[in-house]
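Step one of this worksheet: look at the structure below.
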Amino acid sequence: MVDIRKLKSRAYVLVESLVALATLVTICSLILTAIDTGRRQLVNSLYQQEVYNVAKMAVQTGESHLELNGVEVSVQRTSRELIVYHKGKEVIRIEKN
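Position one of the sequence shown corresponds to residue 957 (our numbering), numbered consecutively onward.
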């Protein structure tokens, strides 16, 4: 005959192992999600920095339109202000007082 106590203890060990594995998978998923989020934020930050660098170059060289490293900016100048656009959105506005 099979001893029921041994089967129960084996089942209990199996359940504990599955719970531990599920906990480990959850922790790993959280860590990988945090790493991915951080990487995306870094990429976005670097892209914004590149937009500002290209805008600065366009203003310094006097260009009204500049495309460099896949970043395109347009500069509008008037006697009272300077506006830099990227993808139709205003990036920088400088006004004289």
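Beta carbons: idealized from backbone N, C-alpha and C, even for Gly.
Legend entry - Rounded straight-line distance, which links the Cα of Asn1000 to that of Leu986: Taking the sequence shown and counting its residues from 1, one reaches residue 986 at position 30. Taking the sequence shown and counting its residues from 1, one reaches residue 1000 at position 44. Rounded to the nearest angstrom, the two C-alpha atoms are 21 Å apart.
Inset, instruction - Can you give me the start and stop residues for the beta strand (DSSP E) that Ser1030 sits inside? - result: Residue numbering aside, residue 1030 sits at position 74 when the sequence shown is read from its first letter. From DSSP, the beta strand (DSSP E) with Ser1030 extends over Val1027 to Arg1033.
Inset, instruction - For my contact list, Val1027 and Ala1014 are in at a C-beta cut-off of 8 Å; report their separation, rounded to the angstrom. - result: In the sequence shown, the residue the question calls residue 1027 occupies position 71. In the sequence shown, the residue the question calls residue 1014 occupies position 58. Contact between Val1027 and Ala1014 is ruled out by a C-beta separation of about 10 Å, above the 8 Å threshold.
Inset, instruction - Pull up the CB-CB distance for Lys1052 and Arg1036, whole angstroms please, since I reckon it's below 8 Å. - result: Translated into positions along the sequence shown, residue 1052 becomes position 96. Translated into positions along the sequence shown, residue 1036 becomes position 80. Yes, they are in contact, since the Cβ atoms of Lys1052 and Arg1036 sit about 5 Å apart, within 8 Å.
Legend entry - Counted within 10 angstroms of its Cβ, other Cβ atoms place Val969 as buried (16 or more) or exposed: For the purposes of this step, residue 969 is identified with residue 13 of the sequence shown, where counting begins at 1. Of the other Cβ atoms in all chains shown, fewer than 16 fall within 10 Å of the Cβ of Val969; this residue is therefore exposed.
Inset, instruction - Output yes or no for whether 8 Å exceeds the beta carbon distance between Ala1011 and Ile1048. - result: On the sequence shown, residue 1011 is found 55 positions in, with the first residue counted as 1. On the sequence shown, residue 1048 is found 92 positions in, with the first residue counted as 1. The answer is yes: Cβ separation under 8 Å.
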